[in-house]
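S.K.:
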Amino acid sequence: MRDRSRYLPLVLAALAAAAPLGAQSEVRITGAGATFPYPIYSKWVLEYTKTRPNIEINYQGIGSGGGIRQFTDRTVQFGGTDAPMSDSQVSAARGNVLHIPTVLGAVVPIYNLAGVTAQLRLTPEVLAGIFLGQITRWNDSRIAAANPAVQLPARDVIVVHRSDGSGTTYVFTDYLSKASADWARRVGRGTAVDWPVGLGGQGNPGVASTVGRTPGAVGYVELVYALQNRLARALVRNRAGNFVNATLQSTTAAAAGAVLSLPDDTDFRISITDAEGAEAYPIAAFTWILLPRQMGDATVARPLLEWLWWATHEGQRFATELGYAGLPPRVVQLVEARLRSVTLGGRAVLPPNYGAAGARRR
Amino acid sequence: MSQPVSAAAPAPRLTAEDRWKALRIVSRGDAVYRTALTAVALLLPAVLLALLAELLVNAWPAIREFGVSFLTHAVWDPVAGRYGALPLIVGTLYSSLVAMLIAVPLALGTAIFLTEFAPRPLRRPVATLIELLAAIPSVIYGLWGIFVLLPLLRDVVWPLVRPAVSWLPLFQGVFYGPSVLAGGMILAIMVLPYVTAVSREVLLAVPPAQREAALALGATRWEAVWTVILPYGRTGIVGAVMLGLGRALGETMAVTMVIGNRHEISASLIEPGYTIAAAIANEFAEAASSMHLAALFYVGLVLFVVTVAVNALARLLVWRVARGSAAGSSAA
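Protein chains in written order, with the working numbering: chain C, 1 to 362; chain W, 363 to 694.
1) Under 9 angstroms, Cβ to Cβ, is there at least one residue of chain W near C:ALA23?
2) When you compare each of C:SER209, C:ALA301, C:ILE135, C:ALA128 to C:TYR175 by their alpha carbons, which one comes out closest?
3) Please go through the segment 310-344 of chain C and give each complete alpha helix (DSSP H) segment of 4 or more residues, from N-terminal end onward.
4) Using a Cβ distance threshold of 8 angstroms, determine whether the segment 546-562 of chain W contacts the segment 448-463 of chain W, with at least three qualifying pairs required.
5) With DSSP run on the structure shown, which of helix, strand or coil describes W:MET547?
6) Output, in chain order, the set of chain C residues within a Cβ distance shorter than 7 angstroms of W:GLY622.
7) Name the residues in the segment 418-450 of chain W whose C-beta lies less than 9 angstroms from a C-beta of chain A; which are they?
8) Check the Cβ of W:ALA508 against every Cβ in chain C and list those closer than 7 angstroms, keeping chain order.
9) If contacts are defined as beta-carbon pairs under 8 angstroms, then C:ASP267 and C:HIS99 qualify, I think. What distance do you get, rounded to the angstrom?
10) Using a Cβ-Cβ cutoff of 9 angstroms, what residues of the segment 176-193 of chain C are near chain W? List them in chain order.
11) Output yes or no for whether 9 angstroms exceeds the beta carbon distance between W:GLY622 and W:SER541.
12) Can you find a CB in chain C that lies within less than 9 angstroms of the CB of W:PHE646?
13) Does the beta carbon of W:ARG482 fall short of 8 angstroms from some heavy atom of the ligand FAD?
14) How about C:ALA188 and C:SER177: do their beta carbons lie closer than 9 angstroms?
15) Tell me, to the nearest whole angstrom, how far the beta carbon of C:VAL224 is from that of C:GLY105; I am working on the premise that it is less than 8 angstroms.
16) List the residues that DSSP assigns as beta-bridge partners of W:THR589.
17) Starting from the C-beta of C:ALA280, find all residues in its chain whose C-beta is less than 6 angstroms away, skip the five residues before and the five after it, and write them out in chain order.
18) With C:GLY201 and C:THR191 assumed to form a contact (beta carbons below 8 angstroms), what rounded beta-carbon distance in angstroms separates them?
19) Taking a Cβ distance cut-off of 9 angstroms, strictly less, list which residues of the segment 79-91 of chain C are near chain W, in chain order.
20) Taking its Cβ as the centre, do 16 or more other Cβ atoms sit within 10 Å of C:GLY115, making it buried, or is it exposed?
21) What is the DSSP secondary structure of C:TRP138, counted as helix, strand or coil?
22) Considering only DSSP beta bridges, list what C:TYR220 is partnered with.
23) Which residues, taken in chain order from the segment 530-547 of chain W, show a beta carbon closer than 8 angstroms to some beta carbon of chain C?
24) Here's the rule: buried if 16 or more other CB atoms are within 10 angstroms of the residue's CB, otherwise exposed. What is W:PHE479?
25) Helix, strand or coil: how does DSSP classify W:GLY429 here?
26) Could you give the distance in angstroms between the alpha-carbon of C:GLY22 and the alpha-carbon of C:GLN77?
27) Would you call C:ARG233 buried or exposed, if buried means 16 or more other Cβ atoms sit within 10 Å of its Cβ?
28) Going by DSSP, what residue range makes up the beta strand (DSSP E) through C:THR287?
29) Closer than 7 angstroms by C-beta to C:GLY212: which residues in its own chain qualify, once you throw out the five before and the five after it? Chain order, please.
30) Would you call W:VAL620 buried or exposed, if buried means 16 or more other Cβ atoms sit within 10 Å of its Cβ?
31) At a Cβ cut of 9 angstroms, what residues of the segment 486-512 of chain W count as close to chain C, listed as they run along the chain?
32) What residues of chain C sit near W:PRO521, judged by a beta carbon separation below 9 angstroms?
33) Can you give me the Cβ contacts of W:MET615 inside the same chain, cut-off strictly under 6 angstroms, excluding the 5 residues immediately before and after it?
34) Helix or strand or just coil, what does DSSP make of C:TYR59?
35) Less than 7 angstroms between C-beta atoms, sequence neighbours within five positions excluded: which residues of the same chain meet that for W:VAL553?
36) Would you kindly work out how many angstroms separate the C-alpha atoms of C:ASP164 and C:ARG74, rounded to a whole number?
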């Protein structure tokens, strides 16, 4: 998913550069960042501006790191990221930032074991052991313990990870850091990490093709990518002790479980991996849009917030068809409060009752 | 290009400098023309310097933090904020070396065949086909590498040659496909057209008189090539090889798709490696911390320096070679 759209932003940017010659837009909003949500952001722009020809919104998928940098430099009006900004990044932006979750994604372990037809079950400990290089054979007793019914082959485990920096890697390593103290100490979480073992594949397709062509390989990809390409994916044991299949529903369930314990004034810079809930899939994550708390540009402020409001409400119905998990109601509620809190020159941009009555169908 | 036989011409009384001065007085337009050309000529070095300055400025935090130890440390850990580029530098040089070892004999052999031995109707079409290789985008080479070369190496070639070579230090470890060997082979195919095309032009430029003289003295065609034609063109051939090496050092996309991208130093050809260009391409977009970004700029600066050094070395080599007599009498 992330990679399928790699060249699209270039094409779109070229088109966007040519567009103003034809159409006259009064409001132009520019954003840049993560490539993972690029397809749905494009869809939201397309659908939203259909009925509002005076608004033009551009989102360029340049990567989360680039999105945070451009947002901090204020060269774009909003940023997109798969990994929340660190404390030092927030202070670099002088604290003038809001994280607005838009949709959810999940990361799934995929594997290549000829002859194994049942879906493999992986515990957090086994997953961390494999990626730490401590479990090197498929018939290891620790794997077998969770898969009593499966005849595991006596093959080497070949680990495949992303070679490019990626939000997918961030989510996966964030999960492993929670699953294993050893992992947290030796490797940690990040968009790129110092992998103890394994081969690097370029993008989701690189990982998937390496796994697909290497007997005994195990890797991790975006759920969307695994769904579209019908890859064999493992069940992962969640906090409640259930082995959960990664689906859009179990991903949304993870978010619902994670926000139960959140205070109302959360800044949303939270990890929802290893979430509570019987149905929750444990390797799930938000993707965020970054907004300034205090807007600077009066022409942009209101349309941008209205678009985001629409995206996190009506826009959510496009999520499933594009392979994203939608936000649970509780999160949408919190997002509403966040959007209402944005100010321009000391005054709230959206009216306090925005979205309550007829305003929604504006 | 020095002529083996120089015709003695009557020396002109007017020097070139005198003529130039005289011309300058005649034509005012020349001054404009000259200024314009100077500006254009200075523009390119200026771009180069601006590039260097930009790299230095952006890499500065990493240079200050890690200094020279950046070049000798092997750990690349963005999470802990520790960066060492040694595996990248070694991987870049290693994969390029493998590529040149494969590509140079092939390219030179092809160039010799096309200029000396191939039937005439075959020469132009084959040369054009080889040059077409240069027009294929590198991502296509990468895909071909993933879907054709890697499975071929892993499932067909490796099982065949394994018993014969597995005792060599160059072939230690388990072969999964993505490896320095695969990266080097892709690179070899990619630089082949450049080295072939330039070598061919160089060999074509050898005066027929040289060739005929060698044959007249009783040399076989092979002896003529080896003792006369190649030595005559060696300056150009060294240049061709260096052009290829420059390409190999900086190639990104195809290499990153087949080399395995592992931050580790291994002497084995069948183990995965990493290159500087591949690391920059892989990590730049998602480099979140400023030190990570600075480290990537630093490693880019290293690549810049390595490339400049290789080119300087090539210059030196060409100069040393050219200093010997061009018409090759030196035996191989």
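Every residue, glycine too, gets a C-beta built ideally from N, C-alpha and C.
Given the structure is predicted, the values throughout are model-derived calculations rather than measurements.
M.R.: Taking the definition as stated:
1) Confidence in C:ALA23 is poor, its pLDDT being 49 and thus under 50, which makes the residue's placement too unreliable to answer from.
2) Nearest option by C-alpha distance: C:ALA128.
3) With a minimum length of 4 residues, the continuous alpha helix (DSSP H) runs that stay inside the segment 310-344 of chain C are 329-340.
4) Output reads yes: the segment 448-463 of chain W touches the segment 546-562 of chain W.
5) Secondary structure of W:MET547 (DSSP, three-state): helix.
6) In chain order: LEU199, GLY200.
7) No chain A is present in this structure, whose protein chains are C and W.
8) Ala is not the amino acid found at residue 508 of chain W; the sequence shown has Ile there. Ordered by position in chain C, the residues that pass the 7 angstroms Cβ test against W:ILE508 are SER209.
9) A Cβ-Cβ distance of about 6 angstroms is found for the pair C:ASP267 and C:HIS99, placing them in contact under the 8 angstroms criterion.
10) The segment 176-193 of chain C vs chain W, Cβ under 9 angstroms: VAL187, GLY188, ARG189, GLY190, THR191, ALA192, VAL193.
11) In contact: W:GLY622 and W:SER541 (Cβ atoms closer than 9 angstroms).
12) It does: the Cβ of W:PHE646 has a partner Cβ on chain C nearer than 9 angstroms.
13) Ligands in the displayed structure: none, and consequently the ligand FAD is not present.
14) According to the sequence as given, residue 188 of chain C is Gly; it is not Ala. In terms of Cβ geometry, C:GLY188 and C:SER177 form a close pair [threshold 9 angstroms].
15) In this structure, C:VAL224 and C:GLY105 form a Cβ contact; the two beta carbons are roughly 7 angstroms apart against a cut-off of 8 angstroms.
16) According to DSSP, W:THR589 bridges with nothing at all.
17) Contacts found: ASN238, ALA253, ALA254, GLY257.
18) C:GLY201 to C:THR191, Cβ: 15 angstroms. No contact.
19) If the cut-off is 9 angstroms between Cβ atoms, the segment 79-91 of chain C has THR81, ASP82, ALA83, MET85, SER86, SER88, GLN89 near chain W.
20) Result: exposed.
21) Here C:TRP138 carries a coil assignment [DSSP, helix/strand/coil].
22) For C:TYR220, the pairing in a beta bridge is given by DSSP as C:PRO109.
23) If the cut-off is 8 angstroms between Cβ atoms, the segment 530-547 of chain W has VAL536, TYR538, GLY539, PRO540 near chain C.
24) A residue is called buried once 16 or more other Cβ atoms fall within 10 Å of its Cβ, and W:PHE479, having fewer, is exposed.
25) The answer is helix: DSSP assigns W:GLY429 an H, G or I state.
26) Unreliable placement is indicated for C:GLY22, whose pLDDT of 45 sits below 50; no coordinate value is reported for it.
27) Looking at its Cβ environment, which holds 16 or more other Cβ atoms inside 10 Å, C:ARG233 is buried.
28) C:THR287: member of the beta strand (DSSP E) spanning 284-291, first to last residue.
29) For C:GLY212, where only same-chain residues beyond five positions count, the Cβ hits under 7 angstroms are ASN112.
30) Around the C-beta of W:VAL620, 16 or more other C-beta atoms lie within 10 Å, and the residue is accordingly described as buried.
31) For the segment 486-512 of chain W, the set of positions with a beta-carbon nearer than 9 angstroms to some beta-carbon of chain C reads GLY504, ILE508, PHE509, LEU512 in chain order.
32) Going along chain C, no residue has its Cβ under 9 angstroms from W:PRO521, so there is no contact; the nearest lies around 14 angstroms.
33) Hits under 6 angstroms: SER500, VAL501, GLY504.
34) Strand, per DSSP.
35) Cβ within range, chain order: ALA461, ALA465, GLY606, ARG609, ALA610.
36) C:ASP164 and C:ARG74: Cα-Cα distance of roughly 26 angstroms.
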